[in-house]
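Worksheet: one structure, shown below.
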Amino acid sequence: MTKKDIIRLLENIATYMELSLENPFKVSAYRKAAQSLETDPRSLSEIDKFIDIKGIGKGVNEVIVEYVEKGESTVFKELQESVPAGLVQMTKIPTLGPKKIAKIYKELGIDTLEGLKNACENEEISALSGFGKKTEENISKAIDDILIRPERYAINQILKFREIIESHLSESEHVERFDVAGSARRMKETSRDIDYIVISKDPQAFTEEITEADFVKETVVSGDKKLSIIIEDDLQEINVDFRFVTEAEYYSTLHHFTGSKEHNVKMRQIAKKRDEKISEYGVEKDGETVTFDSEADFYNHFGLEYIPPAMRETGEETELDVGDIVTLEDIKGDIHMHTVYSDGAFSIREMVEACIEKGYGYIVITDHSKSLRVANGLDEKRLIAQLEEIRAINEEYDEIDVYSGTEMDILKDGTLDYSDDILKELDYVIAAIHSSFQQTEEEIMHRLESACRNPYVRHIAHPTGRLIGRREGYPIDMDRLISLAAETGTALEVNANPMRLDLSAEAIRHKDVMLSVNTDAHHTDHLDFMKYGVATLQKGLIRKDQVINTMTREDFREFINKQK
DNA sequence: GCCGTTTTCGGCCCGACTGTTTTCAGTCG
Numbered sequence: 001m002t003k004k005d006i007i008r009l010l011e012n013i014a015t016y017m018e019l020s021l022e023n024p025f026k027v028s029a030y031r032k033a034a035q036s037l038e039t040d041p042r043s044l045s046e047i048d049k050f051i052d053i054k055g056i057g058k059g060v061n062e063v064i065v066e067y068v069e070k071g072e073s074t075v076f077k078e079l080q081e082s083v084p085a086g087l088v089q090m091t092k093i094p095t096l097g098p099k100k101i102a103k104i105y106k107e108l109g110i111d112t113l114e115g116l117k118n119a120c121e122n123e124e125i126s127a128l129s130g131f132g133k134k135t136e137e138n139i140s141k142a143i144d145d146i147l148i149r150p151e152r153y154a155i156n157q158i159l160k161f162r163e164i165i166e167s168h169l170s171e172s173e174h175v176e177r178f179d180v181a182g183s184a185r186r187m188k189e190t191s192r193d194i195d196y197i198v199i200s201k202d203p204q205a206f207t208e209e210i211t212e213a214d215f216v217k218e219t220v221v222s223g224d225k226k227l228s229i230i231i232e233d234d235l236q237e238i239n240v241d242f243r244f245v246t247e248a249e250y251y252s253t254l255h256h257f258t259g260s261k262e263h264n265v266k267m268r269q270i271a272k273k274r275d276e277k278i279s280e281y282g283v284e285k286d287g288e289t290v291t292f293d294s295e296a297d298f299y300n301h302f303g304l305e306y307i308p309p310a311m312r313e314t315g316e317e318t319e320l321d322v323g324d325i326v327t328l329e330d331i332k333g334d335i336h337m338h339t340v341y342s343d344g345a346f347s348i349r350e351m352v353e354a355c356i357e358k359g360y361g362y363i364v365i366t367d368h369s370k371s372l373r374v375a376n377g378l379d380e381k382r383l384i385a386q387l388e389e390i391r392a393i394n395e396e397y398d399e400i401d402v403y404s405g406t407e408m409d410i411l412k413d414g415t416l417d418y419s420d421d422i423l424k425e426l427d428y429v430i431a432a433i434h435s436s437f438q439q440t441e442e443e444i445m446h447r448l449e450s451a452c453r454n455p456y457v458r459h460i461a462h463p464t465g466r467l468i469g470r471r472e473g474y475p476i477d478m479d480r481l482i483s484l485a486a487e488t489g490t491a492l493e494v495n496a497n498p499m500r501l502d503l504s505a506e507a508i509r510h511k512d513v514m515l516s517v518n519t520d521a522h523h524t525d526h527l528d529f530m531k532y533g534v535a536t537l538q539k540g541l542i543r544k545d546q547v548i549n550t551m552t553r554e555d556f557r558e559f560i561n562k563q564k
């Protein structure tokens, strides 16, 4: 059992209680308790008394203790007996909350999505008091949608949707200014929808214009202050919301709709203690509404430093020294990238020049090793030839240090793809798993341990092998890997490619481990991925001094020349 | 169910919008 299991139990209890029409504050007490556990830096084995955690009192503590000891929960079991699981499915239908679901269940005995769909077609829903034709249509349509549509989209897909919308917004004469908000702005791994804050002199004209665009499938809500549409790209579709605001409100609204919910709740509690009230229109004090010229001003108003969007997740970020947390400006080099030698699209020189553009002081060229044939991995002879070319190119540039490295395969049996005799010639060695993902956790951990213990391996690339929304990655004992990394002086990578973000923010949060954040670029355009990697570090509340590539050019040189 | 520099009861973040009503409940972000 892990902490995650307990968190899931508490969240399930909250959902089931909500559907039993329990006191909403009791429901939210369970959600808060789950959140407190999540935010607590300790692992399950390190927590001896749950009741000492803020947000966990007598009641929730009993539930947790029983669950930890017996592996089951009486409270949850009883809820499951009284609340059909199908009702939980119904909570996914927008506009259907616990009250309406309970009513449908109580009065019509409907407890499945299919049953609900039938009832809509038979006009049984609109016959209920408080429900009308419109509600019935909406429910019916929403059921069709949830059956075909994923609940959340991976950040990679979100970026594609954003390009469509943002190129329209940039060109529209009715848009003075806009910013993306919501989880997309916070660069979450996945998002349910996309939000924009827009200043427009004529929201109605903007609405007419965009709803005519061919990528718009449907208009959901259309008012003076808000527009909600569904857009489509290939076969995928997603909700996009626009909030129309005045210049003065802009940053308050941007902050409000950037969230997260938990962050906003925390900010409002801070405001309340000062007899102030935060809304999307500003901060109300003594009946007057204060507005701001930037989000930094907003935070400063409350005596806080600017908190970057990516960090605004649990609320905990309002309580720590944000200045210690890594930012994009702190990143001085990219130490994992590919060239035409293996499966990259550009030459060493082209990668070097693109990195100079980025202002980096150093980079490491890390092409694939010989066993990764699909990626045209380098055998020893080509590797040495590349090393010589890198040395020569490095001589030509004063503004950047170019190091020779490799992204070497950790083979199935735990041996490494190059011998130590070869590795010692290189400046920087990365090891990674690219094969046999179906092995057991023990076999995978044996491979990772063997790489960590090699004296030349500096870091482990994309340690779990996951692809967001596409594959889980191989089985791994994260606590063990982190302690191995610490013991052997090996860094773990946060791969900045938005399909990977591996390690995840969740995996690194509150962990005292050395990390390395890299784009793994196979194209010069991929060098821009760094911001997603940094966002992941920020969500993990990672300090600058935990990240190898925040080192200055000189420190990195010294680091390279030093034995591991 | 949780919490307390307003401390053992009473409040728990706040406001907008929709669809249903005829003044508002429910839902959402």
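Position 354 of the first sequence, counted from 1, bears residue number 354 in UniProt numbering, the numbering being contiguous throughout. Glycine residues also receive a C-beta, built at the ideal position from the N, C-alpha and C atoms.
Distance CB(residue i)-CB(residue j) smaller than 8 Å
i    : j    : result
S369 : D417 : yes
A154 : G377 : no
V326 : I393 : no
E276 : V283 : yes
I165 : I230 : no
V429 : V457 : yes
G333 : F559 : no
V240 : D193 : yes
Distance, residue j Cα to residue i Cα
i    : j    : result
Q204 : D224 : 7 Å
L159 : E189 : 11 Å
F346 : D525 : 10 Å
K92  : D427 : 52 Å
G97  : S252 : 28 Å
S200 : E22  : 43 Å
N61  : T339 : 55 Å
L116 : P309 : 39 Å
D512 : D545 : 10 Å
S183 : E107 : 37 Å
G130 : Q89  : 21 Å
I548 : S516 : 5 Å
E18  : L9   : 14 Å
F161 : D343 : 27 Å
E554 : K424 : 21 Å
Y196 : T488 : 46 Å
Cβ neighbour criterion (16 or more within 10 Å) applied to residue i
i    : result
T258 : buried
A385 : exposed
T318 : buried
G71  : exposed
Q563 : exposed
H510 : exposed
K77  : exposed
A521 : buried
P463 : buried
G405 : buried
G287 : exposed
V65  : exposed
K539 : buried
I410 : buried
I13  : buried
L169 : buried
G533 : buried
D202 : exposed
D321 : exposed
DSSP state of residue i mapped onto helix, strand, coil
i    : result
G282 : strand
L254 : helix
K424 : coil
I444 : helix
Q236 : strand
S228 : strand
I460 : strand
I51  : helix
D334 : strand
K544 : helix
D324 : helix
F437 : coil
E305 : coil
Point to revise | Whole alpha helix (DSSP H) elements within the stretch 337-369, 4-residue minimum | key: Within the stretch 337-369, the complete alpha helix (DSSP H) runs of at least 4 residues are 348-357.
Point to revise | Contained alpha helix (DSSP H) runs [length at least 4] in the stretch 62-136, N- to C-terminal order | key: If only uninterrupted alpha helix (DSSP H) runs of at least 4 residues are considered, those enclosed by the stretch 62-136 are 74-82, 85-90, 98-108 and 113-121.
Exercise for review: Could I get the ranges of all uninterrupted alpha helix (DSSP H) runs contained in the stretch 160-234, with 4 residues as the minimum, in chain order?
Suggested key: Counting only runs of 4+ residues, the alpha helix (DSSP H) found wholly inside the stretch 160-234 occupies 182-185 and 203-212, in chain order.
**Study point:** Complete alpha helix (DSSP H) runs within the stretch 368-433 (minimum length 4 residues, chain order)
**Key:** You should have 380-396 and 420-423.
Exercise for review: May I have a chain-ordered list of the beta strand (DSSP E) segments no shorter than 3 residues that lie completely inside the stretch 497-549?
Suggested key: Taken in chain order, the complete beta strand (DSSP E) segments of 3 residues or longer contained in the stretch 497-549 are 515-518.
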